[in-house]
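Remarks on the structure that follows.
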């Protein structure tokens, strides 16, 4: 988790006074480029971390080589603990790191920092009582990512075809209770659903990862590609303005209003992979919604209506 790593960076800088990106990379088992990005991220966030170029240089905290983090202002300390606090709610390791960092802060900042850390709570249990499901393989795969070791997977694709692959694990993403592994393969970057991985065997072979790789950027590329597939068909509909929130709940980011409501009716653009997908969502609306275009969606709605009329001719 990135928040945990940022805490670790600060603790290392506190204990050593000055560190290089290479030293951090060795300690945290990440690439030099990743360590440098973490240092730059702390600096950009307002934490008083600054580089010293030249021989014997490195990165230091304002306040000297043996600082107690007194270089942090009250606002900066609160910002840092707001960042890592929610992570500590679900991670024992993060809780331990947070306690150490609190003790490293000046006494006058500790109360506000602890309050900021506890301002947000992540409750992984749903209202239905079902815990969020975390596949057993996630922890194993996470270890291969951190240690940068290749892993041999037995994977079943969407078509039900099973293959064995040797991949370079780059990162894991939890998207709406579904875990994904982003990895490097012979054919470039690929995304694997963890619930389709039947076996995962770590190897002793070092994994390769591009120096400019960031998990956030890689995942955004995956999301953009999926969303593009999901929005191949667009339709324009007219509906009472008060029902627009319902359409937004159905279509999510693929629901856009156009202009102001006219006579109480809003003009809305909707998207889905196919005309049938849109028609299936709209069929239950009946005459409450009017599809302006395209004709392909209109025809699918007419076909669905005819099927229902044929199945239930007299409401029986």
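In the UniProt record's numbering, the protein residues as written are 1 to 316.
Here a beta-carbon is modelled for each residue, glycine too, at the ideal position from N, C-alpha and C.
Whose CA, out of 36, 12, 257, lies closest to the CA of residue 27?
For the purposes of this step, residue 27 is taken as residue 27 along the chain shown, with counting starting at 1. Its Cα nearest to that of residue 27, the residue 12 stands out among 36, 12, 257.
Of the residues 254, 57, 47, 202, the one placed nearest residue 18, counting alpha carbons only
Taking the first residue of the chain shown as 1, we reach residue 18 at position 18. Nearest option by C-alpha distance: 57.
Is residue 292 a contact residue of the ligand MN, with contact defined as CB to any heavy atom under 7 Å?
The ligand content of the structure shown is nil, which means the ligand MN is not present either.
CB of residue 225 within 8 Å of CB of residue 169, strictly:
By 1-based counting over the chain shown, the position of residue 225 is 225. By 1-based counting over the chain shown, the position of residue 169 is 169. Contact: no.
Count the C-beta pairs between the region 244–261 and the region 292–303 that are closer than 8 Å, then say yes if the count reaches three, no if not.
Counting Cβ pairs under 8 Å, fewer than three are found: no touch.
Taking the CB atoms as reference points, tell me whether residue 32 and residue 41 lie closer together than 8 Å.
Indexing the chain shown from 1 puts residue 32 at position 32. Indexing the chain shown from 1 puts residue 41 at position 41. No. Outside cutoff.
My assumption, with CB atoms under 8 Å, is that residue 267 sits in contact with residue 236. Please give the rounded CB distance.
Against the chain shown, residue 267 aligns to sequence position 267. Against the chain shown, residue 236 aligns to sequence position 236. The beta-carbon separation of residue 267 and residue 236, rounded to 7 Å, stays under the 8 Å limit for a contact.
Is the beta carbon of residue 137 sitting closer than 8 Å to the one on residue 194?
In the chain shown, the residue the question calls residue 137 occupies position 137. In the chain shown, the residue the question calls residue 194 occupies position 194. Pairing residue 137 with residue 194 gives a Cβ-Cβ distance under 8 Å.
Where the alpha helix (DSSP H) through residue 281 begins and ends
The count along the chain shown starts at 1 and reaches residue 281 at position 281. Run containing residue 281: 275–282, per the alpha helix (DSSP H) assignment.
Around the Cβ of residue 38, are there at least 16 other Cβ atoms within 10 angstroms (buried) or fewer (exposed)?
The residue given as residue 38 occupies position 38 in the chain shown. Counting other Cβ atoms within 10 Å of its Cβ, residue 38 reaches 16 or more and is therefore classed as buried.
CB residue 203 to CB residue 233, shorter than 8 Å?
Against the chain shown, residue 203 aligns to sequence position 203. Against the chain shown, residue 233 aligns to sequence position 233. When the beta-carbon positions are compared, residue 203 and residue 233 stay at least 8 Å from each other.
To the nearest whole angstrom, what separates the beta carbons of residue 241 and residue 265, a pair I think is in contact under 8 Å?
In the chain shown, residue 241 corresponds to position 241, counting from 1. In the chain shown, residue 265 corresponds to position 265, counting from 1. So it is a contact: roughly 7 Å between Cβ atoms.
Mind reading off the beta-carbon distance from residue 254 to residue 230? Whole number of angstroms is fine, and I expect it under 8 Å.
Numbered from its first residue, the chain shown carries residue 254 at position 254. Numbered from its first residue, the chain shown carries residue 230 at position 230. Contact between residue 254 and residue 230 holds: CB atoms are separated by about 7 Å, below the 8 Å threshold.
Alpha carbon to alpha carbon, how far is residue 60 from residue 257? Give it in angstroms, no decimals.
What you label residue 257 is simply residue 257 of the chain shown in a count that begins at 1. What you label residue 60 is simply residue 60 of the chain shown in a count that begins at 1. Spanning the two alpha carbons is a distance of roughly 50 Å.
Quick one: what does DSSP say residue 304 is sitting in, helix, strand or coil?
Translated into positions along the chain shown, residue 304 becomes position 304. Looking at residue 304 - three-state DSSP - the assignment turns out to be helix.
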